[in-house]
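Here the protein sequences line up with chains A and B, keeping their order. Reading the first sequence from the start, the letters are residues 12 to 381 in this note's numbering. Reading the second sequence from the start, the letters are residues 12 to 381 in this note's numbering. By construction, the Cβ of each residue, glycine as well, lies at the ideal position given by its N, Cα and C atoms.
There are 2 protein chains.
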Amino acid sequence: MKIKYELIKKDGKARHGILHTNYGSYETPIFMPVGTQATVKTLSPEELKEIHSAVVLANTYHLWLRPGEDTIMHAGGLHKFMNYDGPILTDSGGFQVFSLARNKKKDIVEEGVHFKSHIDGRKLFLTPELSIQIQNKLDSDIAMSFDECPPYPVSYEYMKQSVERTLRWAKRGLAVHQNENQSLFGIVQGGEFEDLRKWSAEETVKCNFDGYSIGGTSVGEDKKTMYEMIDHSIKYLPEDKPRYLMGVGDPIDILEGVERGIDMFDCVHPTRLARHAHAFTRNGKINLKNLKYKEDFTPVDDTCDCYCCKHYTKAYIRHLMVAEETFGSRLLSIHNLRFLIRLVEEIRTSIDEGTFQEYKNQFMETYKKK
Amino acid sequence: MKIKYELIKKDGKARHGILHTNYGSYETPIFMPVGTQATVKTLSPEELKEIHSAVVLANTYHLWLRPGEDTIMHAGGLHKFMNYDGPILTDSGGFQVFSLARNKKKDIVEEGVHFKSHIDGRKLFLTPELSIQIQNKLDSDIAMSFDECPPYPVSYEYMKQSVERTLRWAKRGLAVHQNENQSLFGIVQGGEFEDLRKWSAEETVKCNFDGYSIGGTSVGEDKKTMYEMIDHSIKYLPEDKPRYLMGVGDPIDILEGVERGIDMFDCVHPTRLARHAHAFTRNGKINLKNLKYKEDFTPVDDTCDCYCCKHYTKAYIRHLMVAEETFGSRLLSIHNLRFLIRLVEEIRTSIDEGTFQEYKNQFMETYKKK
Numbered sequence: 012m013k014i015k016y017e018l019i020k021k022d023g024k025a026r027h028g029i030l031h032t033n034y035g036s037y038e039t040p041i042f043m044p045v046g047t048q049a050t051v052k053t054l055s056p057e058e059l060k061e062i063h064s065a066v067v068l069a070n071t072y073h074l075w076l077r078p079g080e081d082t083i084m085h086a087g088g089l090h091k092f093m094n095y096d097g098p099i100l101t102d103s104g105g106f107q108v109f110s111l112a113r114n115k116k117k118d119i120v121e122e123g124v125h126f127k128s129h130i131d132g133r134k135l136f137l138t139p140e141l142s143i144q145i146q147n148k149l150d151s152d153i154a155m156s157f158d159e160c161p162p163y164p165v166s167y168e169y170m171k172q173s174v175e176r177t178l179r180w181a182k183r184g185l186a187v188h189q190n191e192n193q194s195l196f197g198i199v200q201g202g203e204f205e206d207l208r209k210w211s212a213e214e215t216v217k218c219n220f221d222g223y224s225i226g227g228t229s230v231g232e233d234k235k236t237m238y239e240m241i242d243h244s245i246k247y248l249p250e251d252k253p254r255y256l257m258g259v260g261d262p263i264d265i266l267e268g269v270e271r272g273i274d275m276f277d278c279v280h281p282t283r284l285a286r287h288a289h290a291f292t293r294n295g296k297i298n299l300k301n302l303k304y305k306e307d308f309t310p311v312d313d314t315c316d317c318y319c320c321k322h323y324t325k326a327y328i329r330h331l332m333v334a335e336e337t338f339g340s341r342l343l344s345i346h347n348l349r350f351l352i353r354l355v356e357e358i359r360t361s362i363d364e365g366t367f368q369e370y371k372n373q374f375m376e377t378y379k380k381k
Numbered sequence: 012m013k014i015k016y017e018l019i020k021k022d023g024k025a026r027h028g029i030l031h032t033n034y035g036s037y038e039t040p041i042f043m044p045v046g047t048q049a050t051v052k053t054l055s056p057e058e059l060k061e062i063h064s065a066v067v068l069a070n071t072y073h074l075w076l077r078p079g080e081d082t083i084m085h086a087g088g089l090h091k092f093m094n095y096d097g098p099i100l101t102d103s104g105g106f107q108v109f110s111l112a113r114n115k116k117k118d119i120v121e122e123g124v125h126f127k128s129h130i131d132g133r134k135l136f137l138t139p140e141l142s143i144q145i146q147n148k149l150d151s152d153i154a155m156s157f158d159e160c161p162p163y164p165v166s167y168e169y170m171k172q173s174v175e176r177t178l179r180w181a182k183r184g185l186a187v188h189q190n191e192n193q194s195l196f197g198i199v200q201g202g203e204f205e206d207l208r209k210w211s212a213e214e215t216v217k218c219n220f221d222g223y224s225i226g227g228t229s230v231g232e233d234k235k236t237m238y239e240m241i242d243h244s245i246k247y248l249p250e251d252k253p254r255y256l257m258g259v260g261d262p263i264d265i266l267e268g269v270e271r272g273i274d275m276f277d278c279v280h281p282t283r284l285a286r287h288a289h290a291f292t293r294n295g296k297i298n299l300k301n302l303k304y305k306e307d308f309t310p311v312d313d314t315c316d317c318y319c320c321k322h323y324t325k326a327y328i329r330h331l332m333v334a335e336e337t338f339g340s341r342l343l344s345i346h347n348l349r350f351l352i353r354l355v356e357e358i359r360t361s362i363d364e365g366t367f368q369e370y371k372n373q374f375m376e377t378y379k380k381k
């Protein structure tokens, strides 16, 4: 079946809902861990369940290149391949094509994008149809339309052409999408231009996708501009479909996103930070390699209920990270993901209680970015 | 308390026993996973329990350098520091000093060994007393005497001087060892020289250690010589103490060791192989990066009961290893360790049934080294 979004409670524009999927129902807002190459780096599926992870994201571009969508189809789809029986969202590959392709050289034509593999430099050509066909073979629960994701800033003229092409690409993808068990999301682009965001949102909504993403954020713009991009897009999106802010995983950005009506977030940030010895705490990020933690025998975050914080000390994790032991990255990945998942859990409660603004203000007061 | 060894059953020289420790009783022969830097690479303590790991080994040299024995003492000892409530054995640091020290330049004097750190090149001096004092602070359950581990081959004259010094070092270590909850093992050296092995064994046994190691194997000698080294040492060791063959973890070597009366084995081999995509199977080692596994949707070893073999396919693990995802190393580490632990479990059963020789022959027939 397709996903269904059920709105439970609103507090201002902030929404507490339920996302019904083929692999269970999950309350929103959610934060989705990123499993780029069909694995959330260092973690097992059981560990994802333990931190109450809901949807996991996998990257179409990476899986297309390795091991190839046919191998995953022959395995019985992505769930079987990676032994994950929760819902999976695949992106379109668009973002990676624009950010990862070798030498950033790409040639965008009406048909699709010519570029070179970041692994071996071989020539590749990705089209809206191919992106959907790959995602069909991967058999994810939620697929994304193939869009152009321009950097920030580009000229109004360029962005106008780009959003028009992105809409044509969205329609082409929709035309070949035939998987009744896979939902398809449309993506709103338009950069910082209010009228282009409006046009993109309204035209994309006319296509009647199963959900909507706000794209083109976290591409170089400042925070204020990013929040405005959300404002300029979200008011045209229907209430009965989920809204997904792509690539955003900073705690403050999650709060700002929820405040504006976002239901779904994803980001490589928490696991990437973990691999660099950084941990989220209620008082901001800390660097576990810091000498001051050498004999700090307290948990990373003593308010946290995760495996890392229940059993290990900063001193041990510091030792692991200094000694380049991957168990350290694993522990911090568990903690950082759980931190964001607890954040959205608490956000949901505050929406129910009509105290979202207070919760947000309180969190932000404590959380001073270091 | 000190460890106690209880002999249950013999089949030829092969022994099935029980090792009573501060952290539970474990049947022997055992294979001990190596947690060099207070972590068995990529794995959690819970995963070690799940594969029925008994004793875990940690390296004194590495922990002395990072994070330092005082930090671990302040944490409440190694068990608390690494969250492992099973028995821990620490080596003396001797082997690492001789194999890892920067540029292999070392200066062996009667007092101890001068060498340089493999991390930053700073000058270090390790003595038999210091090794024991460090191990005392680490608070492992079993400590090892500081010995000289010469390469293979050295002259008879050199080896004679070396075993005599190793005995003097053993006695000096014993003199400063004062931890009533920590057992201390003596180490038999002597290379391939039958009379030196006899002398070393007899003199070491006179010191009345809690257990005995056979050292100086796996240092360059051929297999036949290694097995002879065991033969020339073990006959002088008492029946009521455990015998430990250091640094040996090849399945065939474990069988040959048990046949000669060895109770304990350790090796970095299974976890190091895992990180290089190699897996043990009943038919020998396989390389998971091999293209032939690209669409092989069967487990690494379909006779295996481990987490890796119950839930994942060769195709998925191949993908993880090719894509350099550490979850692949983690899965193969679980499997390779479990493979050796199952091997010693089956060996124990065969000893009970008086069929060790048949078991050994059958295993070796199937297991063709690739």
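Per-residue burial, residue i [other beta carbons within 10 Å of its own, 16 or more giving buried]
i: Lys235/A; result: exposed
i: Phe136/B; result: exposed
i: Glu335/B; result: exposed
i: Asn219/B; result: exposed
i: Arg271/A; result: buried
i: Gln193/B; result: buried
i: His90/A; result: buried
i: Pro281/B; result: buried
i: Leu299/B; result: buried
i: Leu74/B; result: buried
i: Pro44/A; result: buried
i: Leu354/B; result: buried
i: Asp312/A; result: buried
i: Pro262/B; result: buried
i: Asn294/B; result: exposed
i: Lys381/B; result: For Lys381/B, the predicted model reports a pLDDT of 47, less than 50, meaning its position is unreliable and no value from the coordinates is stated.
is_contact[residue i, chain B] using C-beta, thresh 7 Å
i: His322/A; result: yes
i: Thr177/A; result: no
i: Arg77/A; result: yes
i: Thr50/A; result: yes
i: Lys381/A; result: For Lys381/A, the pLDDT reaches just 47, beneath the cut-off of 50, and the residue's location in the model is therefore unreliable, although a value from the coordinates is still provided. No, Lys381/A does not count as interfacial toward chain B.
i: His330/A; result: yes
Residue-level contact to chain C via CB, residue i, 7 Å cutoff
i: Phe126/A; result: In the structure shown, chain C does not exist; the protein chains are A and B.
Residue-chain proximity (residue i, chain A), Cβ-Cβ < 7 Å
i: Thr282/B; result: no
i: His289/B; result: no
Per-residue contacts from residue i into chain B (C-beta, under 9 Å)
i: His129/A; result: Those do not exist, as His129/A stays about 12 Å from chain B at its closest Cβ, beyond 9 Å.
Proximal chain B residues relative to residue i, where beta-carbon distance stays under 7 Å
i: Val333/A; result: Arg77
i: Lys305/A; result: Pro78, Thr82
i: Phe308/A; result: Ala86
9 Å Cβ cut-off: residues of chain A touching residue i
i: Thr53/B; result: Thr53, Glu336, Thr337, Phe338, Arg341
Proximal residues of chain B, C-beta to C-beta of residue i below 8 Å
i: Tyr327/A; result: Ala49, Ala86, Phe92, Met93, Asn94
Whole-number beta carbon distance between residue j and residue i, since they are thought to touch under 8 Å
i: Ala69/B; j: Thr47/B; result: 7 Å
i: Gly258/B; j: Ser229/B; result: 5 Å
i: Asp221/A; j: Pro40/A; result: Not a contact, Cβ separation roughly 18 Å.
i: Asp277/B; j: Gly226/B; result: Rounded, the Cβ-Cβ distance is 12 Å, inconsistent with contact.
i: Thr71/A; j: Thr101/A; result: 5 Å
>> Is it the case that the segment 47 to 65 of chain A contacts the segment 346 to 361 of chain B, given that we only count it when at least three CB pairs across the two stretches are under 8 Å?
In response: Result no; under three Cβ-Cβ pairs closer than 8 Å.
Would you check if there are 3 or more beta carbon pairs closer than 8 Å linking the segment 251 to 268 of chain A to the segment 12 to 26 of chain A? When C-beta atoms of the segment 251 to 268 of chain A are compared with those of the segment 12 to 26 of chain A, three or more pairs fall below 8 Å, so the two segments count as touching.
On the three-pair Cβ rule with 8 Å, is the segment 29 to 40 of chain A touching the segment 96 to 111 of chain A? Flag = yes, the segment 29 to 40 of chain A and the segment 96 to 111 of chain A touch.
Worksheet entry | Inter-stretch contact at 8 Å, needing at least 3 Cβ pairs: the segment 103 to 119 of chain A / the segment 130 to 146 of chain A | Flag = yes, the segment 103 to 119 of chain A and the segment 130 to 146 of chain A touch.
At least 3 beta-carbon pairs within less than 8 Å: the segment 115 to 124 of chain B vs the segment 185 to 202 of chain B:
Judged by Cβ distances under 8 Å, the segment 115 to 124 of chain B makes no contact with the segment 185 to 202 of chain B, as fewer than three pairs qualify.
Validate contact between the segment 157 to 173 of chain A and the segment 74 to 93 of chain A using beta carbons, cut 8 Å, 3 pairs
These segments do not touch.
message: With three or more beta-carbon pairs closer than 8 Å as the criterion, would you say the segment 198 to 212 of chain B touches the segment 240 to 251 of chain B?
response: Because the criterion of three Cβ pairs below 8 Å is met, the segment 198 to 212 of chain B and the segment 240 to 251 of chain B touch.
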